[in-house]
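Protein chains in written order, with our numbering: chain A, 5 to 286; chain Z, 3 to 331.
Just so you know, even glycine gets a beta-carbon here, dropped at the ideal spot from N, CA and C.
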């Protein structure tokens with residue numbers, strides 16, 4: 005009987021260890037969120053959103069230029085990433101098993117796994133070097149390229165969730181294929197695609213590495229697309245590695261703003277999916 | 003198409019010519035649509051090719067100047083124009099391995115917890131919290147690493163290993179511990195890779211058929227024996243795929259590592275010594291690179307990183323895909 009007891013004891017120990025793993029895995033997140041609130045909240049005044057960065061020693065600086073810069077970069081990224089991603093997703097969902105579809109699907113996964121810094125080098129070589137200056141446009145294009153594989157995959161998955169009978173009904177009513185796809189299938193899948201787009205935006209909103217080579221950062225107010233532009237993650241990085249306490253405080257406040265933006269987008273994405281597809285999409 | 007339908011059109015209310023022109027319009031619309039979505043799909047392979055070309059062009063001068071010694075030499079001396087990337091390659095591999103050693107058991111444990119053990123009400127919230135780790139921007143991890151993780155490792159964890167466990171004389175924990183180190187980079191990478199590994203593992207565990215579990219339980223296995231002998235082996239190659247996917251993330255991670263690794267191009271056996279990774283080397287020196295050769299050397303480091311992650315991701319995707327496409331029992 006002792007063998008059975010040993011097996012039962014082992015069972016309890018191992019099951020308990022998985023509880024420990026679950027606790028350990030959630031701890032870092034709670035620590036990070038706690039420290040962000042603790043360090044960043046006191047610097048986070050309305051001035052932070054409306055003021056420009058100030059030199060060390062002057063109180064009351066903010067990151068208005070970086071916040072606006074990040075929004076501009078995200079806008080450019082969406083203009084590039086969304087149409088390409090949705091178009092490629094439509095192709096993959098309709099072709100399913102063709103040789104080209106399989107290849108594109110695989111390569112889109114590979115692209116998704118590439119380090120973001122590699123996309124920065126790509127944009128730098130083609131969009132910064134030939135023109136001799138860093139620009140918001142190059143940064144937005146690098147981020148847009150990062151969005152493409154994310155949007156492609158969610159679009160494909162969401163379109164596949166649309167019942168085939170819907171397509172057949174539209175075709176039976178004499179709709180051309182292209183109108184069936186665009187105004188029936190795509191429209192039905194739209195909430196899911198919006199969710200995928202939001203997830204992609206949340207992911208690129210905090211990207212820093214590709215911007216080092218492209219948007220570069222800017223201490224001044226600039227919204228010109230062919231000039232270097234400030235971005236929230238770049239500003240956080242610059243302040244975090246500086247030796248000044250005031251700037252460290254600014255970095256924490258900036259990080260808090262960035263994480264709140266990312267969390268709001270992520271939560272909105274989850275909400276949109278749940279409202280449309282219920283638990284099926286989870 | 004228009005010819006075949008012409009008689010039917012003639013007998014109906016619609017004039018046959020008008021009907022033919024409508025059908026031709028439909029066919030044209032369909033053709034344009036097909037061409038458009040195919041073009042969008044082709045952008046993805048084209049983008050990869052362009053990335054490869056861009057990096058090739060940028061890296062070529064450095065490869066041409068240094069040859070094979072670019073990868074084998076460990077002398078990275080900007081003033082002397084000597085560029086050997088071995089310390090960065092070494093640092094990339096070591097920091098990623100530390101990350102995997104720390105993250106894999108935790109991630110697999112969480113995935114087992116979520117798919118097999120946790121009560122239903124707990125699954126959603128815990129899964130959500132773990133997934134959120136993937137949403138935190140790299141630069142925020144770096145900020146947290148500089149001001150909390152690095153001091154905590156230096157003041158509490160390292161003394162524990164050295165004094166309590168008496169490991170101070172082993173090469174791994176020798177030398178001064180200033181703070182920024184290979185260990186710090188490995189720990190932060192472990193936290194960052196964890197959600198990716200656990201998400202894939204959870205997915206493949208959920209794909210294991212119910213009958214597999216029922217059979218083990220029917221033979222009298224305890225719950226853990228069922229998991230260990232019936233579920234894990236079935237999902238093994240998928241889990242390995244997830245781990246390699248996490249490795250791909252860790253290899254290319256830039257900002258958080260740059261901020262905590264100490265950025266020194268030296269190979270040291272001690273985990274407490276500062277180091278460099280390929281990505282952090284590029285990020286750290288890019289703004290101060292003035293000579294063309296220095297710039298090109300940084301891009302060549304990027305080319306090596308590109309090649310390594312390409313291979314690693316290819317293997318990972320293939321493994322995960324193989325499990326997902328296996329016939330379900």
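Cross-strand partners of residue i (DSSP beta bridge)
i                      : result
residue 85 of chain Z  : Z:78
residue 233 of chain A : A:220
Three-state secondary structure (DSSP) of residue i
i                      : result
residue 53 of chain Z  : helix
residue 110 of chain A : helix
residue 245 of chain A : coil
residue 263 of chain Z : coil
residue 128 of chain Z : helix
residue 58 of chain A  : coil
residue 120 of chain A : helix
residue 105 of chain A : helix
residue 159 of chain Z : helix
residue 35 of chain Z  : helix
residue 168 of chain Z : coil
residue 143 of chain Z : helix
residue 144 of chain A : helix
residue 274 of chain Z : coil
residue 253 of chain A : helix
residue 290 of chain Z : coil
residue 185 of chain A : helix
residue 67 of chain A  : coil
residue 1 of chain A   : Past the boundaries of the shown model lies residue 1 of chain A; chain A is included only from 5 to 286, so the question cannot be answered.
residue 210 of chain Z : coil
residue 121 of chain Z : coil
Closest residue to residue i among the options (Cα-Cα distance)
i                      : options                       : result
residue 16 of chain A  : Z:225, Z:88, Z:316 and Z:102  : Z:225
residue 241 of chain A : Z:235, Z:218 and Z:286        : Z:286
residue 225 of chain A : A:70, A:155 and A:138         : A:70
residue 136 of chain A : A:145, A:230 and A:206        : A:230
residue 219 of chain A : A:204, A:207 and A:235        : A:235
residue 258 of chain Z : Z:268, Z:152, Z:219 and Z:203 : Z:152
residue 193 of chain Z : Z:230, Z:146 and Z:208        : Z:146
residue 178 of chain A : Z:173, Z:19, Z:324 and Z:32   : Z:32
residue 85 of chain Z  : Z:64, Z:29 and Z:263          : Z:64
residue 185 of chain A : A:198, A:160 and A:206        : A:160
residue 165 of chain A : A:216, A:98 and A:104         : A:98
residue 289 of chain Z : A:128, A:28 and A:91          : A:128
residue 261 of chain A : A:75, A:63, A:214 and A:113   : A:75
residue 71 of chain Z  : Z:303, Z:324, Z:323 and Z:58  : Z:303
residue 51 of chain Z  : A:237, A:126, A:170 and A:251 : A:126
residue 41 of chain Z  : A:162, A:95, A:158 and A:249  : A:95
residue 199 of chain Z : Z:162, Z:165 and Z:245        : Z:245
residue 88 of chain Z  : Z:68, Z:104, Z:103 and Z:102  : Z:68
Partner residues on chain Z for residue i, Cβ-Cβ distance less than 7 Å
i                      : result
residue 110 of chain A : 319
residue 187 of chain A : Going along chain Z, no residue has its Cβ under 7 Å from residue 187 of chain A, so there is no contact; the nearest lies around 12 Å.
Per-residue contacts from residue i into chain A (C-beta, under 8 Å)
i                     : result
residue 47 of chain Z : 107, 108 and 111
residue 32 of chain Z : 180, 181 and 182
Same chain only: Cβ atoms within 6 Å of residue i, ignoring 5 sequence neighbours per side
i                      : result
residue 22 of chain A  : none
residue 301 of chain Z : 60 and 61
residue 149 of chain A : 123
residue 115 of chain A : 153
residue 237 of chain Z : 206, 207 and 210
residue 331 of chain Z : Confidence in residue 331 of chain Z is poor, its pLDDT being 42 and thus under 50, which makes the residue's placement unreliable; the coordinate value appears in the next sentence. So the list reads 211 and 213, once near-sequence residues are dropped.
Any C-beta of chain C under 8 Å from that of residue i
i                     : result
residue 15 of chain A : Protein chains in the displayed structure are A and Z, and chain C is not among them.
Own chain partners of residue i with C-beta closer than 7 Å, once the 5 adjacent residues on each side are dropped
i                      : result
residue 108 of chain Z : 196
residue 63 of chain A  : none
Residues that residue i contacts on chain Z, provided the C-beta gap is smaller than 9 Å
i                      : result
residue 77 of chain A  : Simply none; closest approach about 14 Å.
residue 212 of chain A : 139, 140, 141, 144, 256, 257 and 285
Partners in chain Z for residue i, counting only beta-carbon separations shorter than 8 Å
i                      : result
residue 11 of chain A  : 224 and 227
residue 94 of chain A  : 39 and 42
residue 206 of chain A : 137
Contacts of residue i in chain A (Cβ-Cβ under 9 Å)
i                      : result
residue 112 of chain Z : 22, 25, 26, 28, 29 and 30
residue 135 of chain Z : 29, 30, 32, 33 and 36
residue 191 of chain Z : Those do not exist, as residue 191 of chain Z stays about 12 Å from chain A at its closest Cβ, beyond 9 Å.
residue 236 of chain Z : Within chain A, no residue comes near residue 236 of chain Z; the closest Cβ sits about 18 Å away, beyond 9 Å.
Other residues of its chain near residue i: CB distance less than 8 Å, five sequence neighbours each side excluded
i                      : result
residue 173 of chain Z : 271 and 272
residue 250 of chain Z : 311, 314, 315 and 318
residue 37 of chain A  : 263
Neighbouring residues, chain A, relative to residue i (Cβ below 7 Å)
i                      : result
residue 131 of chain Z : 30 and 33
residue 148 of chain Z : 244
residue 219 of chain Z : Chain A residues near residue 219 of chain Z: none, gap ~12 Å exceeds 7 Å.
residue 279 of chain Z : Within chain A, no residue comes near residue 279 of chain Z; the closest Cβ sits about 10 Å away, beyond 7 Å.
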